[in-house]
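Residue numbers (numbering that gives the first Met the number 0): 0 to 362.
Where is the CB? At the ideal position from N, CA and C, for every residue including glycine.
Working notes, structure below.
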Amino acid sequence: MSPSTHTCALGGRVVAARHAVPDAAFDLDFEGPTVGCNHLRCSRCDQPVRQAPGLSWGATADRLAASADWEALADAGVLTRNPEHRLYACACRVHVEDHDRALGDAEQWDHDEVPPPWRCAGHPGLTLPLALDGVALDTVRDVVDAFVRHAGSPPAAAPAFTRETPTAWSQRLVHVLYPRPDGLLDALADLLDADNPVARAAVSDLYRTTPTLPGAERLADSLVDHPERWFDQPNPLSPADGLDRWAQVAVARRAVWTDPLGSPLDEGAIEAVRHLALHAPSLTISLLQAIARLDPAWLATHAGRIVENTDSEDVARRILYTLRRKPPEAATAAVAMLDAWPGDPEDYRRLAAELVPAVVLPG
Numbered sequence: 000m001s002p003s004t005h006t007c008a009l010g011g012r013v014v015a016a017r018h019a020v021p022d023a024a025f026d027l028d029f030e031g032p033t034v035g036c037n038h039l040r041c042s043r044c045d046q047p048v049r050q051a052p053g054l055s056w057g058a059t060a061d062r063l064a065a066s067a068d069w070e071a072l073a074d075a076g077v078l079t080r081n082p083e084h085r086l087y088a089c090a091c092r093v094h095v096e097d098h099d100r101a102l103g104d105a106e107q108w109d110h111d112e113v114p115p116p117w118r119c120a121g122h123p124g125l126t127l128p129l130a131l132d133g134v135a136l137d138t139v140r141d142v143v144d145a146f147v148r149h150a151g152s153p154p155a156a157a158p159a160f161t162r163e164t165p166t167a168w169s170q171r172l173v174h175v176l177y178p179r180p181d182g183l184l185d186a187l188a189d190l191l192d193a194d195n196p197v198a199r200a201a202v203s204d205l206y207r208t209t210p211t212l213p214g215a216e217r218l219a220d221s222l223v224d225h226p227e228r229w230f231d232q233p234n235p236l237s238p239a240d241g242l243d244r245w246a247q248v249a250v251a252r253r254a255v256w257t258d259p260l261g262s263p264l265d266e267g268a269i270e271a272v273r274h275l276a277l278h279a280p281s282l283t284i285s286l287l288q289a290i291a292r293l294d295p296a297w298l299a300t301h302a303g304r305i306v307e308n309t310d311s312e313d314v315a316r317r318i319l320y321t322l323r324r325k326p327p328e329a330a331t332a333a334v335a336m337l338d339a340w341p342g343d344p345e346d347y348r349r350l351a352a353e354l355v356p357a358v359v360l361p362g
């Protein structure tokens with residue numbers, strides 16, 4: 000691959016017919032909207048992988064490789080049709096996808112199913128200046144302005160998959176620029192300090208989907224040092240959520256980010272999730288799960304204080320649910336939260352009995 004070529008996350012994704020396989024060679028899977036890789040290649044036969052939505056099983060790899068017209072095979076009854084399926088084939092392997100799975104993530108495949116030997120063969124990066132979906136982009140400032148301006152409102156010429164989530168087009172803009180222009184990632188991180196809540200929401204969602212992106216480490220400090228920017232603030236891009244939700248998920252994902260040997264790569268995020276657990280007025284399940292993964296004993300010991308601070312029955316439920324497979328810690332947390340539970344004590348006893356059957360609560 001040339002220096003200006005980059006690859007899909009997790010080796011590329013195979014997708015059912017309901018998901019897009021983008022037409023543009025530069026589009027790739029960046030763990031935002033669900034899209035299939037449009038440039039897969041087989042490591043065994045070294046042939047490109049072809050795909051067709053709405054087609055399913057019926058032909059061998061040899062037959063498919065020899066045919067330039069799979070629709071004709073379906074018309075002849077060789078291939079079956081299924082509007083939910085997408086048929087994939089190289090010269091040595093056939094696969095039909097009815098969901099979506101990353102080729103490089105073994106956990107997404109059934110234990111008795113060997114993933115196809117395919118991987119993303121790379122996508123050409125775009126460089127400035129350019130026009131993307133009719134948006135002129137000459138400088139880093141243009142990119143950042145477009146990132147904010149089109150959060151929640153993609154350009155009219157944008158492909159349909161960029162409308163799947165509020166920030167899909169904005170995130171795509173960041174990921175198709177490769178190598179990234181000098182100063183772009185710092186300029187995006189500066190949006191954490193922006194007065195515009197759309198800007199803060201958009202960049203926190205970028206870090207939620209791509210928590211390893213340089214600049215994302217600044218989000219933990221922003222949440223801890225400037226809670227007024229995040230908590231008790233509506234999210235203009237997701238009205239059902241608070242502005243803090245995407246940010247909490249991003250920091251939680253960074254807290255459990257490790258190197259290949261399992262050593263943490265962001266100690267600041269680990270400190271931040273503990274601070275937020277004790278001081279934030281609301282907590283996401285992702286943040287509690289991160290703490291449970293990092294140090295379940297700490298979560299259990301501080302469970303009472305966490306519930307007292309949030310004054311939330313939902314947080315107590317989330318803590319018990321998160322620790323339910325760790326009986327000693329779950330029992331410690333159940334006892335610790337008894338007096339802090341803000342609702343009817345009998346409701347709490349029933350909840351504890353359901354999620355932590357072995358616990359014996361005092362009284």
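Close-in-space but distant-in-sequence residues of the same chain around Q107 (CB under 7 Å, 5 per side omitted) = R100, A101
The segment 311-321 in contact with the segment 283-301 per 3-pair CB rule at 8 Å | Contact between the segment 311-321 and the segment 283-301 is present: three or more C-beta pairs spanning the two stretches fall below 8 Å.
What did DSSP end up calling M0 once you bin it into helix, strand or coil?
-> Confidence in M0 is poor, its pLDDT being 39 and thus under 50, which makes the residue's placement unreliable; the coordinate value appears in the next sentence. It is coil, neither helix nor strand.
Of the choices K325, A351, L293, L275, whose alpha-carbon is the least far from that of R304?
-> Put simply, of K325, A351, L293, L275 the residue whose alpha carbon is nearest the alpha carbon of R304 is L275.
Can you tell me the Cβ-Cβ gap for L172 and V142, rounded? I've got them flagged as a contact below 8 Å.
-> 7 Å
Pull up the distance between the alpha-carbon of D181 and that of L136, whole angstroms please.
-> Distance between the alpha carbons of D181 and L136 is about 14 Å.
Does the distance from the C-beta atom of Q50 to that of L86 stay below 9 Å?
-> yes
Within the chosen definition, does the segment 67-76 reach the segment 27-40 through at least 3 CB pairs nearer than 8 Å?
-> As far as the Cβ criterion goes, the segment 67-76 does not touch the segment 27-40, which means the pair count is below three.
So Q288 is in the alpha helix (DSSP H); what residue range does that whole segment cover?
-> 284-293
Taking buried to mean at least 16 other C-beta atoms within 10 Å of its own C-beta, is E328 buried or exposed?
-> Counting Cβ neighbours within 10 Å, E328 comes out buried, since at least 16 surround it.
A105 and P115: beta carbons closer than 9 Å?
-> The Cβ-Cβ distance between A105 and P115 does not fall below 9 Å.
C-alpha distance - E227 paired with A219, whole-angstrom precision = 14 Å
Going by alpha carbons, who is nearest to A145 out of T164, P47, Q170, D343?
-> Q170
What residues match up with P170 in a beta bridge as DSSP calls it?
-> According to the sequence provided, residue 170 is Gln. The question's Pro does not apply to it. Partner(s): none; Q170 has no beta bridge.
In angstroms with no decimal places, state the Cα-to-Cα distance between G133 and G76.
-> 43 Å
Measuring alpha carbon to alpha carbon, tell me which of V306, N234, H174, A332 ends up nearest L205.
-> H174
Any idea if G386 is buried or exposed, counting beta-carbon neighbours within 10 angstroms, 16 or more meaning buried?
-> The structure shown does not extend to residue 386, since the chain is modelled only from 0 to 362, so the question has no answer here.
Three-state class that DSSP yields for A357 in the structure shown = coil
Identify whether N308 lies in helix, strand or coil by the three-state DSSP scheme.
-> helix
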